[in-house]
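Structure, as structure tokens:
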Amino acid sequence: MDGVSDVVANLNPIAHPLAERKLQKKLFKTIRKASKEKHVKRGVKEVEKALKKGAKGLVILAGDIYPIDIYCHLPICAEEAGNPYVFVPNKESLGEAAGTKRATSCVMIVPGDSARYSEDYETIHKEAQTLVEKLILNLA
Numbered sequence: 001m002d003g004v005s006d007v008v009a010n011l012n013p014i015a016h017p018l019a020e021r022k023l024q025k026k027l028f029k030t031i032r033k034a035s036k037e038k039h040v041k042r043g044v045k046e047v048e049k050a051l052k053k054g055a056k057g058l059v060i061l062a063g064d065i066y067p068i069d070i071y072c073h074l075p076i077c078a079e080e081a082g083n084p085y086v087f088v089p090n091k092e093s094l095g096e097a098a099g100t101k102r103a104t105s106c107v108m109i110v111p112g113d114s115a116r117y118s119e120d121y122e123t124i125h126k127e128a129q130t131l132v133e134k135l136i137l138n139l140a
């Protein structure tokens, strides 16, 4: 199999909306910058806790997590909190961007008052919001 079909074969059924390659690069770049500023929540527990407390941000989920029961509730929690969410193809890339050596199932960028990545964050936030809105319109 080639690289693209490998990625598609490993995705779980709920991995929608999936970020396009261009958006993925922007996401990983922004996650790296936010991670240096300590504005990233890593893992299901931290992300869920932040969402329940009403934190505003962007939720990025890995699309190759099995079993999906581990995190299938997070897109719903993100929608209820008014936060956009987007899937990326694999957990290893997400973990690497978040600054860990381990794979990560999900991260949440909680923007602070740092100007280092605020412009990038606004761009990807709008793109992710658009993807979620398109997904909801397609389901309706």
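With UniProt numbering as the guide, the letters of the sequence shown map in order to residues 1 to 140.
We treat Cβ as the ideally placed atom computed from N, Cα and C, and that holds for glycine.
Between residue i and residue j, what straight-line distance do the alpha-carbon atoms span, to the nearest angstrom?
| i | j | result |
| --- | --- | --- |
| P13 | K29 | 26 Å |
| A15 | I31 | 19 Å |
| T130 | K101 | 31 Å |
| M1 | E80 | Reliability of the predicted coordinates at M1 is poor, the pLDDT of 46 falling under 50, and no value is obtained from them. |
| S114 | N10 | 36 Å |
| I68 | P75 | 12 Å |
| I70 | E127 | 26 Å |
| I65 | H73 | 13 Å |
| G112 | I136 | 28 Å |
| L139 | E20 | 20 Å |
| V86 | G99 | 19 Å |
| V132 | K91 | 20 Å |
Near residue i, what residues of its chain come up, given a Cβ to Cβ distance below 6 Å and the 5 sequence neighbours on each side ignored?
| i | result |
| --- | --- |
| Q24 | V88 |
| K38 | none |
| residue 208 | Nothing can be reported for residue 208, as the shown portion of the chain is limited to 1 through 140. |
| C77 | L51 |
| G95 | R102, A103, T104 |
Does the distance from the C-beta atom of residue i to that of residue j stay below 7 Å?
| i | j | result |
| --- | --- | --- |
| G57 | I124 | no |
| S35 | A62 | no |
| N83 | V44 | no |
| K33 | Y117 | yes |
Excluding sequence positions up to five away, which residues of its chain have a Cβ less than 7 Å from the Cβ of residue i?
| i | result |
| --- | --- |
| K41 | V47, A50, V107, M108, V110 |
| S93 | F28 |
| A97 | F28, I31, R32 |
Per DSSP, what kind of secondary structure is residue i in: helix, strand or coil?
| i | result |
| --- | --- |
| L135 | helix |
| A62 | strand |
| M1 | Below a pLDDT of 50, predicted positions are generally treated as unreliable, and M1, at 46, falls in that range; no measurement from the model is reported. |
| V86 | strand |
| C72 | coil |
In chain order, what residues of the same chain have a beta carbon less than 8 Å from the beta carbon of residue i, not counting five sequence neighbours either side?
| i | result |
| --- | --- |
| residue 154 | Any question about residue 154 goes unanswered here, given that the chain covers just 1 to 140. |
| Y121 | T30, A34, L58, I109, P111 |
Next on the checklist: Please give the ranges of any alpha helix (DSSP H) in the segment 17-58, keeping only runs that are unbroken, at least 4 residues long and fully inside the region.
Outcome noted: Segments of the alpha helix (DSSP H) lying fully in the segment 17-58: 21-36, 43-52.
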